[in-house]
Amino acid sequence: MQFRLGPTVGRCAFRERMLGESRMAAHRGSMLRTANWLTHLALPMLALWLLMKRPAVDLEWDNRIAHFVLVLSASAVSVALGVVIARAARARDDARLWLVSLVFVTTAGFFGVHALFTPGVLKDTSDADFMFPTRMGLVLAGTVALASAATFSPARSAGLWMLRRLLSGLVWASMALCAVVVNFGLLDRLPDQELVERVEHDAALIGGALFATAAAAYFPIYRRRPAVVLMSVLTAFVLLAEASVALAVGMSWHASWWLWHLLMTTAFCFIAYSARVQFHREGSARGLFDALATRETVAALRSDYSMALDAMVDVMQRRERGEQVPSGAVTIRLADRFGLSEQQVAVLKRAAEALGAEREQLRRLSKLVAVGEELSVIQDEDVLLGRVMSAIADAFPRDDIGLAVMHAGELHSNDSPAPGPTASGAVTLKLPLEVKGKIAGMITVRRPGGIFPDADVALLRSFASQTSIALENARLYRHLDDLFRSYMSPAVATALLADPDQAGLGGAIVDATVLMADLRGFTAFAEAHSPVHVVTMLNTYYGAIVPVILETGGTITQFVGDAVMAVWGAPARHIDHALRAARAGLALHAAVEQAAVEHDDWPRFRVGINTGPTLVGNVGAAQMRSYTAIGDTVNLAARLQDLAKPGQVIVGHGTVAALGEAARVSARRRVKVKGKSEPVEVYVLDAIR
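Residue 230 in the UniProt record's numbering is what sits at position 230 of the sequence shown, and the numbering runs on without skipping anything.
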């Protein structure tokens, strides 16, 4: 006989292996994408190396107008990016977004100054003055880019946000100063032009190092938040770093020199293109650059979006329950709050539907888990089925749930779905409960006006499967419990089930009343009759007297042939244990006479009862033990039984004292019994008042 456990939801080893392979495949895919990205970014540096290695291919193209248009256009794109990101920064009060916007505004400003002073277009300038704005702008923009990659605590973010106007003013002042220097040719007036060239060369390399470091610092942020805009900014910083290197080593108006213009233009256009793609995908400009924000801003956004999603889920769940809740007002409020487009609202609705379905499934699975937990709980079958049905009803509140249990070969419905006005359009699903391969019951689920999706059918079948196992376990337990109690007194069985530690060897001295009874003349009767006849007589007698003892709260400790021993006051404690034992002794004779009414030749019982301190507990060995009572009180009860005549109850002085006025006794006398040095007082118990 074996208790069953619930079915495993999945094959764990297979699932873990598949998950591991999926993770490895995703890791390999990520490594390949990273390698591909690095390869593309390395191509400009490879081209620059080739141009420096082979000056013959580093062709000259002195087109001032093309330079003016290209650089000014790139500057305009960068300004537009800076403005858009600055607007997002103001909407979120986010310091990092503002710094990123400042990077593009700075590069755009200095790049624009560089374009305006293109030699021979608007003004004739020298190479030193002409290249100065770009080098200065790269250093300042690289510094801001590196600062934007820092970790922002709430205090640092708030402080930087307070200083944003001052810092912006300093950047614009630097642009103005740069324009003044170039316009008046101040660098050309310096005596050491070689020093000026070295400083400008080193400034370009410093700017490149700053942008490269900023890109490296942004990479962990991208790993945490793999968003397109983050990858775009990271790529732009790498391109600006490469442009700085090309600026430092390229020859003016040669291919190597044009390369850094192309790299800077590509950096700005790459981000603009990514933002445009994201805009067309989402249908709204709001939130395009949220991935660049600080952790606090991202956490706040997630909280806001989670609240919005919860609001949508709540509305949908309430509407599913039949409530008249308009979703339009909620949709409009969310769209206004988050600046969502119709497309984004539609996505939010789909997400809410998916989340609502997932939550509902998780809620139902929790009810299934609760049913599974019932497998290990020992309980009555009716109580078990009541809890299971309650769990199923909670999991599927809109459905009508019914249960029928098999009794005597027929299904008897405990609570079947009641017919209602929608019964004609209802769909009913019947789920059999099987115990040991046989139908033990049926769960009926009726869904008014709807169908059962595959997921619901699978879950309901799991409920039925778990219920079948729980029902089988309950019946096995009940069978074992009945067997257990039939081999020992129910009081002892109950005590052991409540506290298994009581099964240990040993005992305790308690005040108890012991009853000893045997058949006078049993030996002669057994000699004169067949064993079958003797056993029939004993079973008939015990079938009559055992209920009498148990009904009065007694504990039968042993049957020895024709003798029976019972104790009151242990293990169940009773203050009136003597009164209970006395009533049982008198009722025992009445039950015996009733059982032997057609058998005058059957011997009759004689009963001895004694009250006093008694050692009760488990006696035996670890492999075999029994609950019994021992001691002088027990021995005297046995001696009193020997003194009794058939149909008579002899009680000791301790019992009479405990009974008091309730007992009517006669034939008081003092007798000498075996094991006692002095005579003892004995009484014949006639009745209990």
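We put the CB at the ideal spot given by N, CA and C, even for glycine.
Bear in mind the structure is a predicted one, so any value in this text is a computation, not a measurement.
Cα separation between residue i and residue j?
i, j, result
"L239", "L259", "11 Å"
"D94", "A293", "6 Å"
"P453", "R446", "13 Å"
"T235", "V79", "18 Å"
"L97", "G109", "18 Å"
"R4", "L403", "Here R4 scores only 47 on pLDDT, less than 50, and its place in the model is too uncertain to base an answer on."
"Q466", "A512", "47 Å"
"A76", "L459", "60 Å"
"F237", "A243", "10 Å"
"F525", "A658", "37 Å"
"M231", "L288", "13 Å"
"N473", "L579", "41 Å"
"P646", "A663", "20 Å"
"T536", "N635", "29 Å"
"A204", "A74", "19 Å"
"M45", "G250", "12 Å"
"A56", "F184", "36 Å"
"S677", "G608", "20 Å"
"R573", "V510", "9 Å"
"G553", "Q648", "21 Å"
"A395", "I575", "49 Å"
"V457", "L431", "10 Å"
"P547", "H577", "17 Å"
"Q2", "V560", "Caution applies to Q2, whose pLDDT of 45 falls short of 50 and renders its modelled position unreliable; the value that the coordinates give is listed next. C-alpha separation (whole angstroms): 33 Å."
"R165", "Y218", "25 Å"
"A176", "G137", "12 Å"
"L51", "S174", "34 Å"
"I556", "V651", "18 Å"
"E598", "R478", "36 Å"
"G120", "I206", "29 Å"
"L471", "R398", "25 Å"
"E60", "A42", "23 Å"
"V682", "S530", "37 Å"
How about residue i and residue j: are their beta carbons less than 8 Å apart?
i, j, result
"A440", "L429", "no"
"W257", "D62", "no"
"T107", "L247", "no"
"G585", "R639", "no"
"S168", "L263", "no"
"M641", "D518", "For clarity, residue 641 is Gln in the given sequence; the question names Met instead. A contact, by the Cβ cut-off of 8 Å."
"V144", "L99", "yes"
"L615", "A596", "no"
"I545", "V564", "yes"
"V171", "L140", "yes"
If contacts are defined as beta-carbon pairs under 8 Å, then residue i and residue j qualify, I think. What distance do you get, rounded to the angstrom?
i, j, result
"R670", "V684", "About 14 Å; that fails the 8 Å criterion."
"N618", "A637", "With a Cβ gap of about 20 Å, N618 and A637 do not count as contacting."
"D124", "A255", "Contact flag wrong, Cβ pair sits at about 24 Å."
"V514", "V592", "The Cβ separation is near 19 Å, so there is no contact."
"A214", "A115", "That pair is no contact at about 24 Å."
"G82", "V113", "Contact flag wrong, Cβ pair sits at about 15 Å."
"T655", "A570", "Wrong, their Cβ atoms sit about 16 Å apart, outside the cutoff."
"F111", "V182", "Incorrect: roughly 13 Å between the Cβ atoms, too far for contact."
"F268", "A241", "About 14 Å; that fails the 8 Å criterion."
Measuring alpha carbon to alpha carbon, tell me which of the options ends up nearest residue i.
i, options, result
"M442", "H407, L187, P44", "H407"
"F522", "R604, A275, I575, I545", "R604"
"M516", "V510, I575, H589, A508", "H589"
"R475", "L550, E381, R398, D456", "E381"
"F132", "Q558, A662, V100, V180", "V180"
"S462", "L262, Q594, L385, I392", "I392"
"T444", "L471, D400, L411, A563", "D400"
"Q594", "A42, F559, Y542", "Y542"
"F270", "V228, I549, V298, V144", "V228"
"A89", "T540, A570, T297, L411", "T297"
"V673", "T655, A644, G660", "A644"
"I451", "T118, A91, I556, V427", "V427"
"V69", "L122, L43, L48, L170", "L122"
"V84", "G654, A272, V532", "A272"
- prompt: Where in the segment 163-225 do unbroken runs of the alpha helix (DSSP H), each at least 4 residues long, occur, reported from the N-terminal end onward?
  reply: 164-183, 193-224
- request: Please go through the UniProt domain "Guanylate cyclase" (513-641) and give each complete alpha helix (DSSP H) segment of 4 or more residues, from N-terminal end onward.
  value: 522-528, 531-551, 577-595
query: What alpha helix (DSSP H) runs, 4 residues minimum, are completely inside the segment 44-101?
result: 64-92
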